[in-house]
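Just so you know, the protein sequences line up as chains D and E, in that order. Just so you know, the first sequence maps onto residues 1 to 369 in the working numbering. Just so you know, the second sequence maps onto residues 1001 to 1079 in the working numbering. Even glycine gets a Cβ: it sits at the ideal position worked out from N, Cα and C. Quantities reported herein were computed from a predicted structural model and do not represent experimental measurements.
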Amino acid sequence: MNLSDSKLKLLIAGIGCGLAAACLAYFGNPANMAFCIACFVRDMAGALGLHSAAPVQYARPEIIGLVLGSFVISAVTGEFRSNGGSSPMIRFILGMVIMIGSLIFLGCPLRMVIRMSAGDINAWIALIGFACGVATGCFALKKGFSLGRAYETGTGSGIVLPALMAGVLILLTCTTLLKFSEAGPGSKHAPILISLAGGLVVGVLAQKSRMCFAGGIRDAILMRNFDLLTIIAGLFGVMLIFNIATGRFVLGMNTPGIIAHSDTLWNILGMYAVGFAAVLAGGCPLRQLILAGQGSSDSAVTVLGLFTGAALCHNFGLASSGTAVNAETGEVVAGAVTANGKIACVICIAVCFIIAFTNKRNSKRGAAV
Amino acid sequence: MLRKKTMKLVITFHTTADAMAMEELCKKRGIGGRLIPVPRSISAGCGLAFCAEESALSELETAMSEIGLDREGVHHCLI
């Protein structure tokens, strides 16, 4: 089945992803987090003991489902291609940058759209930063940026990440080895089977439709092609209806309880780093998981960078805090970006510029012949 | 009104940068064509491809070989 030969089919794919996200929110995932790749990878890193932030530790079956859904559908349709070798360590760094930028804003591009659909004006402001980041990445592409070509590898290499995800699923369902949050966002989740099913469905739809948040804006800028943005529009529409219907739509900037902050400059800069790094890495966090599922070792390395970035964020105090209500006094406590987070964000943007303008096609070291 | 699809030449590359180099090359030499997302029927990847009229194949092949631009594949698709 070709989901991308018409805009209507792409829109339906986006609606399908939106329905899955809405179901997950309905069945217990945190408010307007629903299906945030960065948040869920961060939770998974906590469950594996890579960081010790107690409120954000849970091996999210959605992440496992995304990779396995992409793996199964690509294997069944003959699209599984084991490949790699396109500057893997630079991709690892880009994965870290994407995660650090996401946790300064408090959400990946997918959650940014979900937050936008819930009336969060901060997310609309962050969209400016994200689009500017993608535009800067496009400028670098026009100037000849390249991480070099990927080469075919043995099948085993492409299967490693799906196999690791299957292993985490076994640990989650059959053992007590993983860490679980008793309070906070990590403690809020849909039942495992529903989460896994949601991940599998979105994994299949995203693999077939090539859904990508950074790619959508990149294609619009470079080619005036709006196919990938059609998918995002479908997802946004479903989540908007869901939020309005369930009373979760709150238009505002300092809304307590939705795990967001109103530090405008850093919302913009955080998502700027994400958009920039995502174009350089060839896709947003969701797309990296999907590509890893269909055999790309380069994307698998980027995913490892996401996990490492999540661990750094919580071990070194880079992650921002969300606006919340003090349970004792009833006062609204504004969320904030930490000093360490601000420094890290500036470093991340600088690193993106260095990567973007020092890795060129036809460079002397021949990375991209 | 929907544009009628016609058979086109689609050249794919190993990297996005190569596809963009192809676009620049064609602009310089006045060869018609444009960048498009790699059609889903060709690949599950999300790179860029160069789309041109089928009749331009030999001209494009010559231009690519002159500057040593390595293509991944040449396809004929309804675009």
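- prompt: In angstroms, rounded to a whole number, what distance separates the CA positions of residue 73 of chain D and residue 204 of chain D?
  reply: For residue 73 of chain D and residue 204 of chain D, the distance between alpha carbons rounds to 6 Å.
- prompt: Where does residue 363 of chain D fall in DSSP's three states?
  reply: Model confidence at residue 363 of chain D stands at a pLDDT of 42, short of 50, so the residue's coordinates are unreliable; what they give is reported in the following sentence. If DSSP states are grouped into helix, strand and coil, residue 363 of chain D belongs with coil.
message: Quick check: is any heavy atom of the ligand MG less than 8 Å from the C-beta of residue 60 of chain D?
response: In the structure on display, the ligand MG does not appear, and there are no ligands present to speak of.
query: In the DSSP assignment, what residue or residues form a beta bridge with residue 1051 of chain E?
result: DSSP lists E:1010, E:1034 as partners of residue 1051 of chain E.
query: Any residues in the stretch 69 to 90 of chain D with a beta carbon nearer than 7 Å to a beta carbon of chain E? Which ones, in chain order?
result: Listed by position along the chain: 74, 79.
query: Of all the residues that make up the stretch 1034 to 1046 of chain E, which are near chain D by a beta-carbon distance shorter than 7 Å?
result: So the list reads 1035, 1036, 1037, 1040, 1041, 1044, 1046, given in the order they occur along the chain.
- request: In angstroms with no decimal places, state the Cα-to-Cα distance between residue 40 of chain D and residue 51 of chain D.
  value: Straight-line Cα distance between these residues: approximately 14 Å.
- request: Just confirm the distance between the C-beta atoms of residue 1018 of chain E and residue 1069 of chain E, as a whole number of angstroms; I'd bet it's less than 8 Å.
  value: Cβ-Cβ separation between residue 1018 of chain E and residue 1069 of chain E: approximately 6 Å, consistent with a contact (criterion under 8 Å).
CB of residue 150 of chain D within 9 Å of CB of residue 1014 of chain E, strictly: Judged by their CB atoms, residue 150 of chain D and residue 1014 of chain E are nearer to each other than the 9 Å cut-off.
- prompt: Cα-Cα, which of D:54, D:248, D:156, D:232 is closest to residue 284 of chain D?
  reply: Ranking the options by Cα distance to residue 284 of chain D, first place goes to D:232.
field: Any C-beta of chain D under 9 Å from that of residue 1022 of chain E
entry: False, the Cβ-Cβ gap to chain D never drops below 9 Å.
query: Near residue 155 of chain D, what residues of its chain come up, given a Cβ to Cβ distance below 7 Å and the 5 sequence neighbours on each side ignored?
result: Counting only Cβ-Cβ distances below 7 Å, and skipping sequence neighbours, we find 82.
message: If distances are taken between C-alpha atoms only, which option among E:1037, E:1041, E:1073 comes closest to residue 220 of chain D?
response: Residue 220 of chain D has its Cα closest to that of E:1037, out of E:1037, E:1041, E:1073.
Whole-angstrom distance between residue 1033 of chain E and residue 114 of chain D, CA atom to CA atom: Their Cα atoms are separated by approximately 37 Å.
- request: Taking only the alpha-carbon atoms, compute the straight-line gap between residue 124 of chain D and residue 100 of chain D and give it to the nearest angstrom.
  value: Between the alpha carbons of residue 124 of chain D and residue 100 of chain D lies a distance of about 19 Å.
task: Specify the secondary structure class of residue 150 of chain D as computed by DSSP and reduced to three states.
output: Assigned with DSSP and collapsed to three states, residue 150 of chain D falls in coil, not helix or strand.
query: According to DSSP, what are the bridge partners of residue 1071 of chain E?
result: Residue 1071 of chain E is bridged to E:1013.
message: Run through chain E and tell me which residues come within less than 7 Å of residue 145 of chain D, C-beta to C-beta.
response: Going along chain E in sequence order, the residues near residue 145 of chain D (Cβ under 7 Å) are 1017.
- prompt: Cβ of residue 165 of chain D less than 9 Å from any chain E Cβ?
  reply: At a cut-off of 9 Å, the C-beta of residue 165 of chain D has no neighbouring C-beta in chain E.
Touching by the beta-carbon criterion (3+ pairs, under 8 Å), the stretch 132 to 142 of chain D and the stretch 289 to 296 of chain D: Fewer than three pairs of CB atoms, one per stretch, sit closer than 8 Å, so the stretch 132 to 142 of chain D makes no contact with the stretch 289 to 296 of chain D.
message: Quick check: is the beta carbon of residue 227 of chain D nearer than 9 Å to any beta carbon in chain E?
response: Closer than 9 Å: yes.
field: Beta-bridge partners of residue 325 of chain D, as assigned by DSSP
entry: BP columns for residue 325 of chain D point to D:332.
query: What is the residue span of the alpha helix (DSSP H) that residue 182 of chain D lies within?
result: Premise fails: residue 182 of chain D is in no alpha helix (DSSP H) and is neither H nor E.
- request: Spell out whether any CB of chain D is found under 9 Å from the CB atom of residue 1057 of chain E.
  value: Answer no: the Cβ-Cβ gap between residue 1057 of chain E and chain D never drops below 9 Å.
- prompt: Run through DSSP, which three-state label would residue 315 of chain D get?
  reply: Helix at residue 315 of chain D.
- prompt: Between which two residues does the alpha helix (DSSP H) harbouring residue 155 of chain D extend?
  reply: Element bounds for residue 155 of chain D: 155 to 174.
query: Identify the residues that DSSP records as bridge partners of residue 1077 of chain E: which are they?
result: Residue 1077 of chain E is bridged by DSSP to E:1008.
task: Check each candidate in D:217, D:200, D:25 and name the one with the smallest Cα separation from residue 166 of chain D.
output: Comparing alpha carbon positions, the residue from D:217, D:200, D:25 closest to residue 166 of chain D is D:200.
message: Strictly by DSSP, which residues pair up with residue 84 of chain D?
response: Paired residues: D:151.
query: So, helix, strand or coil for residue 252 of chain D, using DSSP?
result: Residue 252 of chain D falls in the strand class under three-state DSSP.
message: I need the straight-line Cα distance from residue 251 of chain D to residue 122 of chain D, nearest angstrom please.
response: Here the alpha carbons of residue 122 of chain D and residue 251 of chain D stand approximately 10 Å from one another.
- prompt: When the cut-off is 9 Å and only beta carbons count, does residue 1009 of chain E lie next to chain D?
  reply: Not an interface residue.
- request: Would you list the one or two residues that DSSP bridges to residue 120 of chain D?
  value: Checking the DSSP bridge columns, you'll see residue 120 of chain D partnered with D:252.
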